[in-house]
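Numbering (the working numbering), first residue to last: 780 to 1113. Think of the CB as a built atom: it goes at the ideal place given N, C-alpha and C, for glycine as much as any other residue. Note that the structure is a prediction, hence the values are computed from the model and not measured.
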Ligand code: NDP
């Protein structure tokens, strides 16, 4: 068995030499334990933020794994699970241990995806899908005909939010970091308007595509782009602050200060609400089933950015901050 550890705190964008690969001896299974073998690793921006203060430490992360040995009748051999086991090939655990995990829901059996790939359990039909579904519907509370802006639009959460907004009858505007991503959003994901935030004149683009202002903003990136979007909000608009990836690797304190967005929030009397998907953990299966039904009916398209091989997870992770992925970044371990 192998696992990836983090040897020192990340400074700026994570680097290959922040990680190390170590071998692990697997012990005998005790009562109630099972041994799970990783099939897919999830690669997510939050993994940059949530490590503890003690180094070296295990790299955190969700995975889809198959139970290959078991002394727990609830989790017989062959069961497919989603667990926050980190970047390790093999995990011996029992549900009681996993309850200590900060990420919720901590461990669950995958529902039947029928002919669909089980990797969807890390993306559109997993935590990411629930972030999009609950975050958008509960925080933005969109109404048909309203104008919705999504940043990080070609990513896992953003591409999902935009499509839900279309299903709900909204006009959807997205921002992404390459022309290829923008093309995919228009042609496949059904967005109404998109712009490459690296090259576009954003105020002019927003004036043209949202002449009456923006009702809902689902923010994945924060920073300068968000300040501009907020200044184009309608009075009493709703903002779901999902993430702020543009700031995660920023080491310059002055630049961080320059991204403060409060003036627009106050002058427009916006309802701006941060959230963590954990808040909706008790509705986990409801969200998964909703998203799964949309995928099965063809209303919800998904894209996976698949990388192969245990060790390649490090590069896939660093790639998130280069914008390598369209859709959900996943690593096929075995
Ligand atoms: P994505 O699939 O969106 O991957 C990251 C993408 O972010 C990249 O492809 C890149 O796209 C974009 N990006 C990278 N660096 C920057 C930058 N400096 N400025 C602007 N965009 C950048 O990841 P997820 O969909 O998993 O996550 C999206 C956001 O949602 C993140 O902020 C994450 O932390 C947050 N999140 C929050 C949760 C919650 O419970 N609140 C749960 C899950 C995710 P591009 O080419 O367009 O720049």
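Please determine, among 935, 857, 903, the residue with the shortest C-alpha to C-alpha distance to residue 888. Ranking 935, 857, 903 by Cα distance to residue 888 puts 857 first.
Should residue 1032 go down as buried or exposed, given a rule of 16 or more other Cβ atoms within 10 Å for buried? With fewer than 16 other CB atoms across the displayed protein chains lying within 10 angstroms of its CB, residue 1032 is exposed.
Have a look at residue 879 and residue 982 and give me their C-alpha separation to the nearest angstrom. So the alpha carbons of these two residues sit roughly 46 Å apart.
Residue of 1106, 815, 826 minimising C-alpha distance to residue 846: Among 1106, 815, 826, the Cα nearest to that of residue 846 is on 815.
Between the C-alpha atoms of residue 1147 and residue 904, what's the straight-line distance to the nearest angstrom? Nothing can be reported for residue 1147: it is not among the residues displayed for the chain, which extend from 780 to 1113.
Nearest neighbour of residue 1104, chosen from 1059, 811, 955 [CA to CA]: Minimum Cα distance to residue 1104 is reached at 955.
When you measure from the CB of residue 957 to every non-hydrogen atom of ligand 1, does any distance come out below 7 Å? Flag set: Cβ of residue 957 near ligand 1.
Put residue 976 into one of helix, strand or coil per three-state DSSP. Assigned with DSSP and collapsed to three states, residue 976 falls in coil, not helix or strand.
Could you pull out every unbroken beta strand (DSSP E) segment of at least 3 residues lying fully inside the segment 866–932, listed in chain order? Qualifying beta strand (DSSP E) stretches, in chain order: 869–872, 886–888, 926–929.
Let me check understanding here. Comparing Cα to Cα, which of 933, 1070, 1084 lies closest to residue 1078? For the set 933, 1070, 1084, the Cα lying nearest the Cα of residue 1078 is the one of 1070.
DSSP beta-bridge partners of residue 844: In the DSSP assignment, residue 844 forms a beta bridge with 817, 860.
Comparing the CB of residue 870 with every heavy atom of ligand 1, is any distance shorter than 7 Å? It does not: the Cβ of residue 870 is nowhere closer than 7 Å to a heavy atom of ligand 1.
Assumed close pair residue 999, residue 937 - CB separation to whole angstroms, cut-off 8 Å: Taking C-beta atoms under 8 Å as the contact rule, residue 999 and residue 937 qualify, at a distance of about 5 Å.
Taking 7 Å as the cut-off, is the C-beta of residue 910 nearer than that to any heavy atom in ligand 1? Distances between the C-beta of residue 910 and the heavy atoms of ligand 1 include at least one below 7 Å.
Identify every residue that forms a DSSP beta bridge with residue 1117. Since the first residue shown for the chain is 780 and the last is 1113, residue 1117 is missing from the structure and cannot be characterised.
Is it the case that the segment 912–922 contacts the segment 940–949, given that we only count it when at least three CB pairs across the two stretches are under 8 Å? Of all C-beta pairs linking the segment 940–949 to the segment 912–922, three or more are shorter than 8 Å, placing the two stretches in contact.
Say the cut is 7 Å; is the CB of residue 1060 nearer than that to a heavy atom of ligand 1? Checking every heavy atom of ligand 1 against the Cβ of residue 1060, none is found closer than 7 Å.
The alpha helix (DSSP H) enclosing residue 1069, as first and last residue numbers: Looking at the DSSP string, the run of the alpha helix (DSSP H) that includes residue 1069 is 1063–1076.
Exposed or buried, residue 791, counting other C-beta atoms within 10 Å across all chains shown (16 or more means buried)? Exposed, by the Cβ-count rule.
Contact check, residue 897 vs residue 1108 under 8 Å by CB: the rounded distance? So it is not a contact: roughly 16 Å between Cβ atoms.
May I have the straight-line CA-CA distance separating residue 926 from residue 811, to the nearest angstrom? Answer to the nearest angstrom: the Cα atoms are 51 Å apart.
So residue 901 packs on residue 819, CB below 8 Å; how close in whole Å? With a Cβ gap of about 6 Å, residue 901 and residue 819 count as contacting.
Flag residue 824 as yes when its Cβ comes closer than 7 Å to any non-hydrogen atom of ligand 1, and as no otherwise. Residue 824: yes, Cβ under 7 Å from ligand 1.
Can we count residue 1066 as close to ligand 1, meaning its CB is less than 7 Å from some heavy atom? Because no heavy atom of ligand 1 lies under 7 Å away, the Cβ of residue 1066 does not count as near it: no.
I'd like the span of the alpha helix (DSSP H) that includes residue 987, first residue to last. Following the DSSP letters along the chain, one finds residue 987 inside the alpha helix (DSSP H) bounded by residues 981–988.
For residue 977 and residue 1086, what's the separation of their Cα atoms in angstroms? Going from the Cα of residue 977 to the Cα of residue 1086 covers about 26 Å.
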